[in-house]
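*Asks:* The structure's right below; bear with me while I get my questions together.
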Amino acid sequence: MTSLVSARNVSKSFGALRAVDDVSFDIGKGRIMGLIGPNGAGKTTLLKAVLGLTDCQGSLSVLGLDPFRQRRELMQNICFIADVAVLPRWIKVSQLLDFLQSVHPNFSRDRAEELLAQTNIKKNSKVRELSKGMVTQLHLSIITAIDAKLLVLDEPTIGLDIIFRKEFYGNLLRDYFDEERTIIITTHQVEEIENLLTDVMFINDGRIVLDTTMEDLPEQYVELMVSPDNADKARQFNPFYERDVFGKQVMTFEGVSREQLQGLGDLRAPDIADLFVAKVKGEAA
Amino acid sequence: MTGAAHVMDPKWNEDLPIYRQLRDRVVAMILEGVLADGDALPSVRNVAAEYRLNPLTVLKGYQELVDEGLVEKKRGRGMFVTDGARVQLLKDERQRFQDKEWPLVVATIERLGLSVKDLLKDVGTSKPSSGSRKGENND
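Respectively, the protein sequence lines represent chains A and B. As numbered in our numbering, residues 852 to 1136 make up the first sequence, in order. As numbered in our numbering, residues 44 to 182 make up the second sequence, in order.
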């Protein structure tokens, strides 16, 4: 795997708070990675470091560049949509296209106009006249028109209704993503992106608590719904988390094969949201 | 959004990997005649976008169909239903029914003491249509 992003022992402190605490990982090209964590876990700080918007300790390489020191070069090949709408409210859509054309070497105005033609956004509209969903559509259209290797999405669909959210990810896959590109997404609506990820990383208190591929995940983790009479037998395999669902125990195991648990109850691969809760609560226990 | 999206807006079943369910879905479409021999499968990109799936998942589902000889890859043009795919599938489905499902049906008939003659009296009177096979492949 050729690494597009490579982090080794990356840390970032704000005073006494270690927002990112000794984190190492790699992301290859053609991957879509979900970065999942509770509020304040360090997701945004980590993404800022990847984008070169903040310095950090340790070694971090993005597209072979040092993001903080070579940000100008890096910016030609990465894109970013943040959880806050950053497009100025007074700008007209046509002015925005003019601006990008003049400052961004990899921006294709034709492509942006082609994408905008599929929406209801008018070129003489100002950003403040657009609905929140349309601003996101506009943002995605201009980002898609930039020939970038890495796209970072920090809560991109926050505040959007379900139709816009589905369309957002659909358009991302249809118009932007290919095997040469990489996407990093953070979101609290995990179930919406679960199926489009190739990789998933959990972060809690600044530390990575899970980093795996979606392909390997069902082999590493298994959930067992067990009836009370089999519960003690199942506990011998050391589940790291247990919860009660309608009078049955649901246990989550790491590194225990399905064969070993066969016959004790219903087995299934945990979904990401459940696994995340299990990981975070299981570690705290 | 295309019309096809509504026909097969999927509820993924948690017990089977999604690529496998995609494969089953295409098989059902071939059996139902929605996809005929020589027809193009929807592009990987479109399926991925429509259902918000990773393209690798879609590709893996399609690859299963290629491995089974039901679909062929044409360089630069996409995936197509192989000639004779439906006939082959019907043959497999009939065989599977006879080997796997029929013995269970027979056992049930015997266990419940049903009359075979009564059970069969309506069989063959309903007009056969492609729709009558719907659901056959669901489980």
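Just so you know, even glycine gets a beta-carbon here, dropped at the ideal spot from N, CA and C. If you're wondering where the values come from, they're calculated on a predicted model, not measured in any experiment.
By the criterion of Cβ-Cβ separation under 8 Å, what are the contact partners of Leu99 of chain B in chain A?
*Replies:* As a working note, residue 99 of chain B is residue 56 in the second sequence. Within chain A, the residues near Leu99 of chain B are Thr1049.
*Asks:* Do you know whose CA, among A:Asn1081, A:Val1051, A:Ala1082, A:Arg1058, lies nearest Leu1068 of chain A's CA?
*Replies:* The residue you call residue 1068 of chain A lines up with position 217 of the first sequence. Of the candidates A:Asn1081, A:Val1051, A:Ala1082, A:Arg1058, the one whose C-alpha sits nearest the C-alpha of Leu1068 of chain A is A:Val1051.
*Asks:* Go ahead and label His1039 of chain A buried or exposed: buried means 16 or more other beta carbons lie within 10 angstroms of its beta carbon, across all protein chains shown.
*Replies:* Here the question's residue 1039 of chain A lines up with position 188 in the first sequence. With fewer than 16 other Cβ atoms within 10 Å, it is exposed.
*Asks:* Determine the contact status of Leu113 of chain B and Val124 of chain B, defining contact as a CB-CB distance below 9 Å.
*Replies:* As a position in the second sequence, residue 113 of chain B is number 70, starting the count at 1. As a position in the second sequence, residue 124 of chain B is number 81, starting the count at 1. It is a contact, given that the beta carbons lie within the stated cut-off.
*Asks:* Say whether chain A places a C-beta atom closer than 9 Å to the C-beta of Ile61 of chain B.
*Replies:* Numbered from 1 along the second sequence, position 18 holds the residue referred to as residue 61 of chain B. Interface residue, yes.
*Asks:* Cβ atoms of Val871 of chain A and Cys907 of chain A: under 9 Å apart, would you say?
*Replies:* What you label residue 907 of chain A is simply residue 56 of the first sequence in a count that begins at 1. What you label residue 871 of chain A is simply residue 20 of the first sequence in a count that begins at 1. Yes. Within cutoff.
*Asks:* Taking just the CA atoms, how far does Glu1045 of chain A sit from Thr987 of chain A?
*Replies:* In the first sequence, the residue the question calls residue 987 of chain A occupies position 136. In the first sequence, the residue the question calls residue 1045 of chain A occupies position 194. Computed Cα separation, rounded: 21 Å.
*Asks:* Out of curiosity, what's the CA-to-CA distance linking Arg882 of chain A and Glu153 of chain B?
*Replies:* Stepping through the first sequence from its first residue, residue 882 of chain A is reached at position 31. Stepping through the second sequence from its first residue, residue 153 of chain B is reached at position 110. Straight-line Cα distance between these residues: approximately 55 Å.
*Asks:* Would Glu75 of chain B pass as an interface residue toward chain A - the criterion being a Cβ-Cβ separation below 9 Å?
*Replies:* As a working note, residue 75 of chain B is residue 32 in the second sequence. So, not an interface residue.
*Asks:* At 7 Å on the CB atoms, spell out the chain A contacts of Glu57 of chain B, in chain order.
*Replies:* To locate residue 57 of chain B, count along the second sequence from 1; it is residue 14. Residues of chain A passing the Cβ test: Arg1119.
*Asks:* Output, in chain order, the set of chain A residues within a Cβ distance shorter than 7 Å of Arg137 of chain B.
*Replies:* Here residue 137 of chain B corresponds to residue number 94 of the second sequence, with the count starting at 1. Those do not exist, as Arg137 of chain B stays about 32 Å from chain A at its closest Cβ, beyond 7 Å.
*Asks:* Establish whether the CB of Phe1091 of chain A and some CB of chain B are separated by less than 9 Å.
*Replies:* The count along the first sequence starts at 1 and reaches residue 1091 of chain A at position 240. Phe1091 of chain A does not count as touching chain B.
*Asks:* Does any residue of chain A have a CB that is nearer than 9 Å to the CB of Arg68 of chain B?
*Replies:* Here residue 68 of chain B refers to the residue found at position 25 of the second sequence. Closer than 9 Å: no.
*Asks:* Let me know the secondary structure DSSP gives Met884 of chain A once reduced to three states.
*Replies:* As a position in the first sequence, residue 884 of chain A is number 33, starting the count at 1. Strand.
*Asks:* Using a Cβ-Cβ distance cut-off of 9 Å, determine whether Tyr94 of chain B contacts chain A.
*Replies:* For the purposes of this step, residue 94 of chain B is taken as residue 51 along the second sequence, with counting starting at 1. Yes, Tyr94 of chain B lies at the interface with chain A (some Cβ there is under 9 Å from its Cβ).
*Asks:* For chain A, is any of its Cβ atoms less than 9 Å away from the one on Ala91 of chain B?
*Replies:* Here residue 91 of chain B is taken as the residue at index 48 of the second sequence, counted from 1. Yes, its Cβ sits closer than 9 Å to a Cβ of chain A.
*Asks:* So, under 8 Å CB-CB, Tyr1072 of chain A and Ala1135 of chain A are touching, yes? Tell me the CB distance rounded to an integer number of Å.
*Replies:* What you label residue 1072 of chain A is simply residue 221 of the first sequence in a count that begins at 1. What you label residue 1135 of chain A is simply residue 284 of the first sequence in a count that begins at 1. Tyr1072 of chain A to Ala1135 of chain A, Cβ: 18 Å. No contact.
*Asks:* Provide the residue span of the alpha helix (DSSP H) that contains Met926 of chain A, from first to last.
*Replies:* Taking the first residue of the first sequence as position 1, residue 926 of chain A is located at position 75. Here the alpha helix (DSSP H) through Met926 of chain A covers 922-926.
*Asks:* Using only CA atoms, which one of A:Gln1100, A:Val1096, A:Asp1095 lies nearest to Gly1085 of chain A?
*Replies:* Reading the first sequence from its first residue, position 234 is the one you call residue 1085 of chain A. Position check: residue 1085 of chain A holds Ala in this sequence, whereas Gly was assumed. Measuring from the Cα of Ala1085 of chain A, the nearest candidate turns out to be A:Gln1100.
*Asks:* Does Asn1055 of chain A come out as helix, strand or coil in the three-state DSSP assignment?
*Replies:* Residue mapping note: residue 1055 of chain A aligns to position 204 of the first sequence, counting from 1. Residue state, collapsed to three classes: strand.
*Asks:* Compare the C-beta of Arg120 of chain B with all C-beta atoms of chain A and state if any pair is closer than 9 Å.
*Replies:* Mapped onto the second sequence, residue 120 of chain B falls at position 77. Cβ-Cβ to chain A under 9 Å: no for Arg120 of chain B.
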